[in-house]
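The structure appears right after this line, and notes come after that.
Residue numbers (this note's numbering), protein chains in the order written: chain A, 1 to 334; chain B, 1001 to 1334.
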């Protein structure tokens, strides 16, 4: 081997090193850049956060992919008043009507109890054409009980004649992901039990490789004689382990003082933490460390309920979840 | 006749005159006293005053006999938020829960559209036992569509099992006055037409010899091909002539700019004034002079709707009615 060929080997080794260094630097800069410029995977604007009787603040959460202006509404208890509050908070800079008509691209309804649909129905005369997504049990009740010409004009595309067809019912299938038209989001539904035999739904929302899980009202598996929450945890545990699940929205309607026989298909802090420990049993405790758990549907009829429930949850948070208490009109990013 | 007997006659005439003077003075003082100390015949506290999509301010009016603390609620679109506003305004000095549970003795529902019943239904879990009064068409829809265990638990005493029987349905009869239990009020219902064939109700409320008339949503007779408002005016014209009718609550949902084929069973200022002129044709114009007409159900979705409707009504007020625009939580006395 002559001197020249030796140089060639050194040259080639040098070239390889150079490529490696460039690659590492590129990766490093890309990560730095990525960390600095990548926005959230999900933007959530709560339009209503409470259970119970306050008509101005009932369950409804606008969710967008990243920082998009195109939202789907998860439940629709309060719409108009929630948008007004969001505008007052500076979260939106347009009109109430424009947010409802232009920014909300569709509604995902977890279950048809009035406190989860009243805002949608009451505002339907002023709304634009869009889809209402739900499992068949839920859409059936919207058809039979609300958009009926008896309790309200039929603004949907099925049910009692004439169907005005402003809203298009889209039946979800538990075994499939469904695209949310007008957004970059996809949804897969899971059945929940809410004072058996009443049903409710959890929605697993996907943006690219990131997920957000929203549970509608639900009782604990133990009290509902059900394994629906367990099945949900099994299904989502792989994405939890990969840290692809960015947040869980789940209810804690009552404090631990509420008697177990008066829960009406709802959770308390203890029951919620029990269920989340079941999830940890699948994923390992570390996978849940710092996972945002957004606590929904607190019933304010109980005196000082919000603080009581906050304290009870904090005292039982051995999983070190990041507990989030949403406020009407204030944006949350995940 | 001797001199003495002459004196007796003069004495007796004098005595008669004295009695007459005392009587006239007593009557005068009594009237002055009466005018100063007699309170109102009706106290009304609006819990929600608008039509349209604002979940926090939908039709609902608490009405009491005189200054009693015992109210009946005319419609129940917004309950909890309206009570909160009334407390903020100093109208009530107790808790939200106590006003709903103790001061509201029953609900009179004009028609079962969601914007007239949502507050009642959503707050039913926290309410006390009481009656829901309505015409059969209305109670039937409450039974079939709302308190069904599908859209809401059945807190009423009829309909889908189990009937929890917190609420007692009372069927009204158009030919009868019905006592509002827990108050000194009586009610007689009159059918209205609200986008035919949909029905609605006017309630003629009586306290002693005074009356208050509340019309639920209604279209104009001419556009509804109906004579229901005409029949109502005929029935109430005797009490209007006696000035025993203290106020009329009636809707003007849209401004005069709304096309007639897009009224959906509602009134505009022109249509409302036409109808009131029909009443004047029965009673004479002078009988309506200064009669309080409380304008309800303005739909705020139209830009600046409230001012537009106020101006249109004022410009057409040749009857010199006392136009009243109710505000949420602020007491009105009649």
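For each residue, glycine too, the CB sits at the ideal point set by N, CA and C.
| Query | Result |
| --- | --- |
| Out of B:1057, B:1125, B:1154, which one is the CA nearest neighbour of residue 1115 of chain B? | B:1057 |
| Measuring CB to CB, does residue 200 of chain A end up less than 8 Å from residue 111 of chain A? | yes |
| Taking the continuous alpha helix (DSSP H) assigned at residue 284 of chain A, which residues delimit it? | That residue, residue 284 of chain A, is in no alpha helix (DSSP H); it is neither H nor E in DSSP. |
| Give the C-beta separation of residue 1167 of chain B and residue 1177 of chain B to the nearest angstrom, bearing in mind that I take them to be a contact with Cβ-Cβ under 8 Å. | 22 Å between Cβ atoms; not a contact. |
| Thinking residue 295 of chain A and residue 319 of chain A are a contact (beta carbons under 8 Å), I'd like their distance in whole angstroms, please. | Contact doesn't hold; Cβ gap of about 14 Å is too wide. |
| Does the beta carbon of residue 1101 of chain B sit closer than 8 Å to a beta carbon anywhere in chain A? | no |
| For residue 168 of chain A, name the three-state secondary structure that DSSP assigns. | strand |
| Pull up the distance between the alpha-carbon of residue 1275 of chain B and that of residue 1064 of chain B, whole angstroms please. | 27 Å |
| Measuring alpha carbon to alpha carbon, tell me which of A:208, A:223, A:229 ends up nearest residue 214 of chain A. | A:229 |
| Taking residue 1152 of chain B as the reference, which of A:118, A:126, A:134, A:154 has the closest Cα? | A:118 |
| Checking contacts by CB at 8 Å: is residue 1112 of chain B closer than that to chain A? | yes |
| What separation, rounded to the nearest whole angstrom, lies between the Cα atoms of residue 325 of chain A and residue 216 of chain A? | 16 Å |
| DSSP three-state call for residue 1241 of chain B: helix, strand or coil? | helix |
| Determine the burial state of residue 43 of chain A: buried for a count of at least 16 other Cβ atoms within 10 Å of its Cβ, exposed for fewer. | buried |
| I'd like to know whether the C-beta of residue 143 of chain A is nearer than 8 Å to at least one C-beta of chain B. | no |
| Would you report the Cα separation of residue 150 of chain A and residue 323 of chain A, rounded to the nearest angstrom? | 42 Å |
| Rounded to the nearest angstrom, what separates residue 120 of chain A and residue 257 of chain A at their Cα positions? | 33 Å |
| So which residues on chain A does residue 1126 of chain B lean against when the C-beta distance must stay under 8 Å? | 52, 53, 301 |
| Could you give the distance in angstroms between the alpha-carbon of residue 315 of chain A and the alpha-carbon of residue 49 of chain A? | 22 Å |
| Is the CB-CB distance between residue 1291 of chain B and residue 1260 of chain B below 8 Å? | no |
| Identify every run of the alpha helix (DSSP H) within the segment 205 to 249 of chain A, keeping only runs that are complete inside it and at least 4 residues long; order them along the chain. | 221 to 224, 228 to 241 |
| Residue 53 of chain A and residue 1080 of chain B: beta carbons closer than 8 Å? | yes |
| Quick check: the segment 1133 to 1149 of chain B against the segment 95 to 102 of chain A, are there 3 or more CB pairs under 8 Å? | no |
| Taking Cβ positions only, does residue 1081 of chain B come closer than 8 Å to chain A? | yes |
| Mind checking if residue 1056 of chain B is an interface residue toward chain A, Cβ cutoff 8 Å exclusive? | yes |
| For residue 1146 of chain B, which residues in chain A fall below 9 Å Cβ to Cβ? | 114, 145, 151 |
| I'd like the list of long-range same chain contacts for residue 300 of chain A, defined as Cβ closer than 7 Å, with 5 residues on each side in sequence excluded. | 50, 52, 54, 306 |
| Quick one: what's got a C-beta closer than 6 Å to residue 1066 of chain B's C-beta in the same chain, skipping five residues either side? | 1039 |
| Taking the C-alpha atoms as reference points, what is the distance between residue 1073 of chain B and residue 1062 of chain B? | 4 Å |
| Please report the straight-line C-alpha distance between residue 330 of chain A and residue 89 of chain A, rounded to a whole angstrom. | 7 Å |
| Identify the residues that DSSP records as bridge partners of residue 1139 of chain B: which are they? | DSSP, once it has assigned bridges, lists no residue as partnering residue 1139 of chain B. |
| Which chain B residues are close to residue 196 of chain A, counting only those with a beta carbon under 9 Å from its beta carbon? | Within 9 Å Cβ-Cβ: nothing; residue 196 of chain A doesn't reach chain B, min ~12 Å. |
| Got a sec? Which residues, its chain only, sit under 6 Å from residue 1239 of chain B by beta carbon, not counting five neighbours each side? | 1211, 1245 |
| Going straight from the alpha carbon of residue 1083 of chain B to that of residue 242 of chain A, what length do you get? | 48 Å |
| According to DSSP, residue 1071 of chain B sits in a beta bridge with which residue or residues? | B:1064, B:1104 |
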